[in-house]
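Okay, structure first, notes after.
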Amino acid sequence: MKILHHLLKQSSVSGNESQIAQFLLDTIEQRKNDWKVCPQIYSGEDFHDCILLKFGNPRTALFAHMDTIGFMTRYENQLIPVGGPETEDGMLLIGEDELGPIECRLKVEDDSLFHDFQRPIQPGTYLSFAQNIRVDGEYIQAAYLDNRLGLYTALQVCENLEHGWVIFSTYEEHGGGSMPFLLKFIQENHPIRQALIADITWVTEGVVPHEGVAISIRDRYIPRRKFIDRVIALATESKIPFQLEVEASGGSDGREIQFSPYPIDWCFVGAAEDNVHSPDEKVSLADLDSMIDIHQYLMKHL
Amino acid sequence: MKILHHLLKQSSVSGNESQIAQFLLDTIEQRKNDWKVCPQIYSGEDFHDCILLKFGNPRTALFAHMDTIGFMTRYENQLIPVGGPETEDGMLLIGEDELGPIECRLKVEDDSLFHDFQRPIQPGTYLSFAQNIRVDGEYIQAAYLDNRLGLYTALQVCENLEHGWVIFSTYEEHGGGSMPFLLKFIQENHPIRQALIADITWVTEGVVPHEGVAISIRDRYIPRRKFIDRVIALATESKIPFQLEVEASGGSDGREIQFSPYPIDWCFVGAAEDNVHSPDEKVSLADLDSMIDIHQYLMKHL
Amino acid sequence: MKILHHLLKQSSVSGNESQIAQFLLDTIEQRKNDWKVCPQIYSGEDFHDCILLKFGNPRTALFAHMDTIGFMTRYENQLIPVGGPETEDGMLLIGEDELGPIECRLKVEDDSLFHDFQRPIQPGTYLSFAQNIRVDGEYIQAAYLDNRLGLYTALQVCENLEHGWVIFSTYEEHGGGSMPFLLKFIQENHPIRQALIADITWVTEGVVPHEGVAISIRDRYIPRRKFIDRVIALATESKIPFQLEVEASGGSDGREIQFSPYPIDWCFVGAAEDNVHSPDEKVSLADLDSMIDIHQYLMKHL
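Protein chains in written order, with our numbering: chain A, 1 to 302; chain B, 303 to 604; chain C, 605 to 906.
Below, the structure written as structure tokens:
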């Protein structure tokens, strides 16, 4: 899990994904010759900061978003959110502007957000949660498990993948915007009809730690039941532990597949976390294992 | 109206349209040779559960959505809505899970929804309103007139149509998602610049029963006035009774035409109902007649 | 600025842009031979009421929307908004229906809107703010500076432009809908990777009159930072006065570029106004000058 620690230390608030994209590209370059199949890599300005890997003859695409929630400085020590971060007075934030590195505390006053840095920060500067990784025998706890665990899962899937697209997307936490051009590229190059979303969901009364990865029957959006039933049947056959999720809210890159001009079925498959969008996101290591296992299984058998 | 009764008895909550799609396909196969023009039929996995009929050389497309609002089971007897159903304590709901058929009552407690079925229902099970069709000399009353009357209208239009697309779409009640790929297919095969939406709207102080089908000048979205003026001019010329609707909210498949990457004008044309999205939707039979008549007229003359 | 006065007197509430489109087309026809480069003009029913001008070999597209906020009559003297107009009791509104010209007052009663015209107005009639243009040495004040100043800026940019798209879009104030087909046409004819939005923003504690055009780092949506940094570097190099804007809300045609299926970077560049979406929008003439200057500079150097 060394690579996961490296991933967790990168900063990539939505709109500013260049650094993590470069880190992923370097990692892929170092590893690709050890993978069962060496993929074709698509990246660069024609893809903004996204990365697409094509293995063999894909039937299914796996999506993991590389951006995170965070904050941006406005005027007069004000902060505005990027995506939907939890906001608790005193949270430690880090960033950098032209004057140097920044480490400050979040101040919450009457629903408005401020920083307490000793000097003004340039307007439009991104801040993110200071990282603090905690691992014990049962859990990993850190900022941005959502969606570093998805990136990690995708990289693990790459190791044995024979046929499939693996896609690293941007902007998922702040309304999206890269999925439409990624899907267009996929469909115009090597089209697919099936997609899996490797992302993190919430612990609820129905989805609890250590009981396996969650397969989502719906969130705010509803994938086509015919496909979900196939995914569940395969998951059952695999004997890998999983739980079924049914939520009325929340979303993922699946939303943009649903509304794309392509008839692509999609399903969200990911471990559940406590303390969502906070510096203390917490995921069961057993659930992470089953997340990796089931994505490997589904990419092979779908 | 026998076919309408059959349509009203099918279950097709958004995301789960396979059954109604098959019923429509069977109906189309049985009838198509009696139609003035035998259409080309597009369906199957490349279109998910949607159906496209191409008659002659289309200038205009007619859209009718085949999905309905409903409910889905979550955990511990909870229900969450699909689309925006009315919720009244005691409403009769039906469905089916792997353990067998389900008939239960809706329980509304502090804005949360539950069912009262005597056994747990599998999470992710679709429930819909139990059907109760009532017809007298003036009105038809039933669950899901929205949009079974649109399907019925579309099938009636098929009988004499010489040139046009007739499209049965999915997911309209829950955010959409099939229109983008349907429009892409239409525009890449036999493109059109004009679209009509055959769907059901609301009775208001401005649109009342028995006064004719409603032609909508706007709902939450605003079609291009130049086109609406042409539709109204043709409707006037036809002598078929109609009313003009002006609403600030509500939407239809027209929304996705508006936001599609194609310059296609659209107009919503449909009868108004009372008791929207309840088991007791109620529409004037005269308004249904004028809905069918005006769609036939517009598909011919636009 | 004579052309600006003419622009300000046209009516073009979203959905009803034919009149302003014709005015712009006439103006372009009259002027194009005096421009440094004579552009290719795309307009007509294939583009609804939009206009595209292609100069030379474009690398960047400049977008200015031609529609405005306003009102539409409903039933029984009710009005509903088009876009998000300010509503103050007594505001003077104008329009026209089949019975003749209309001049009336807005009545605001318990959050509902009415008109006080002496006769009923046909349902679905567009009304807009009566125009009252006030110019002094420092400011221009009028209805619909948003986005007549964008149109004016675009026309000024045309004078010396060698390479670039200049696009006049519709529907921006009411959810959009023309950008998707405009972007598709651009990308399928002479594709670009960069876009500028010439539109009007708000005076805030961070963006004040007379300090230069605002370059927006974000509004509700967040353009890619890599591109914004390039725009800011060029703006700095140009010595033209500008201010940096950071907002959590608001949107522009940039939103639809963000969500388009093309990897196009975008940036909003526009003067700030007081009294947004009212008949008394007020913009610094110096800021208008820097808006024109910087768009000319960026279209040349990006």
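Positions of the beta carbon are idealized from the N, C-alpha and C atoms, including for glycine.
- Chain A has no Cβ within less than 8 angstroms of the Cβ of B/S313.
- By the Cβ-count criterion, B/G439 is exposed, with fewer than 16 other Cβ atoms from all chains shown falling within 10 Å of its own Cβ.
- Annotation for C/N879: E885, K886 place their beta carbon closer than 6 angstroms to its own, counting only its chain and skipping 5 residues before and after.
- Out of A/L7, A/A154, A/L25, the CA that lies nearest to the CA of A/N132 is found in A/L7.
- Contact annotation for C/M676 against chain B: I519, R520, I524, V548, A550 [CB-CB distance below 9 angstroms, chain order].
- Taking C-beta atoms as the reference points, C/F667 and C/I771 count as a pair closer than 8 angstroms.
- Between the stretch 843–853 of chain C and the stretch 752–771 of chain C there are fewer than three C-beta pairs closer than 8 angstroms, too few to call the two in contact.
- Judged by their CB atoms, C/S882 and C/E690 are nearer to each other than the 8 angstroms cut-off.
- Rounded to whole angstroms, the separation of the alpha carbons of C/I896 and C/R834 is 19 angstroms.
- Contact between A/F181 and C/P865 holds: their C-beta atoms lie close to 5 angstroms from each other, under 8 angstroms.
- Using a Cβ-Cβ cut-off of 8 angstroms, C/I896 does not count as an interface residue toward chain B, since no Cβ of chain B sits closer than that to its own.
- Considered as a whole, the stretch 195–262 of chain A harbours 213–218, 242–246 as its complete beta strand (DSSP E) runs of no fewer than 3 residues, in chain order.
- If you check each beta-carbon in the stretch 648–679 of chain C against every beta-carbon of chain B, the ones closer than 9 angstroms belong to E649, D650, F651, H652, D653, C654, M676, T677, R678, Y679.
- Pairing C/P827 with C/A876 gives a Cβ-Cβ distance that is not under 8 angstroms.
- Residue B/D391 holds the alpha-carbon nearest to the alpha-carbon of B/R407 among B/P422, B/D391, B/E378.
- Within chain C, the C-beta atoms nearer than 8 angstroms to that of A/V82 come from I826, in chain order.
- Residue state for B/M374 is assigned as strand, using DSSP reduced to three classes.
- Residues of chain B whose Cβ lies closer than 9 angstroms to the Cβ of A/S260 are, in chain order, G479, P482, F483.
- In this structure, the CA atom of C/V807 is about 13 angstroms from the CA atom of C/D750.
- Across the structure, A/S216 and A/D265 are spaced so that their CA atoms are roughly 13 angstroms apart.
- Judged by their CB atoms, A/A195 and A/G270 are not nearer to each other than the 8 angstroms cut-off.
- Taken atom to atom, the span from the alpha-carbon of C/G781 to that of A/A154 is near 35 angstroms.
- Ranked by how close their Cα comes to the Cα of B/I502, the residues B/K602, B/R557, B/Y446 have B/Y446 in first place.
- Within chain B, no residue has its CB atom less than 8 angstroms from the CB of C/G699, the nearest being about 12 angstroms off.
- Inter-residue distance for A/R59 and A/K226 is about 17 angstroms (C-alpha atoms, whole angstroms).
- In this structure C/L628 touches C/L755 by the C-beta definition: roughly 7 angstroms separates them, less than 8 angstroms.
- In its chain, beyond the 5 residues on either side, T677, D701, E702, L703 have a beta carbon closer than 8 angstroms to the beta carbon of C/Q726.
- At a cut-off of 8 angstroms between beta-carbon atoms, A/S112 makes no contact with chain C.
- B/Q332 is classed as exposed because its beta carbon has fewer than 16 other beta carbons within 10 Å across all chains shown.
- In this structure, the CA atom of B/G358 is about 33 angstroms from the CA atom of B/G552.
- Within chain A, the residues P261, Y262 have their CB atoms less than 9 angstroms from the CB of B/K486, given in chain order.
- Secondary structure note for A/P120: it is in no alpha helix (DSSP H), with a DSSP letter that is neither H nor E.
- Judged by DSSP in its simplified three-state form, C/I684 adopts strand.
- Among the residues facing chain B, C/S856 is not included, as its CB has no counterpart in that chain under 8 angstroms away.
- Nearest Cα to B/P493 within the set B/E378, B/P565, B/Q324: B/P565.
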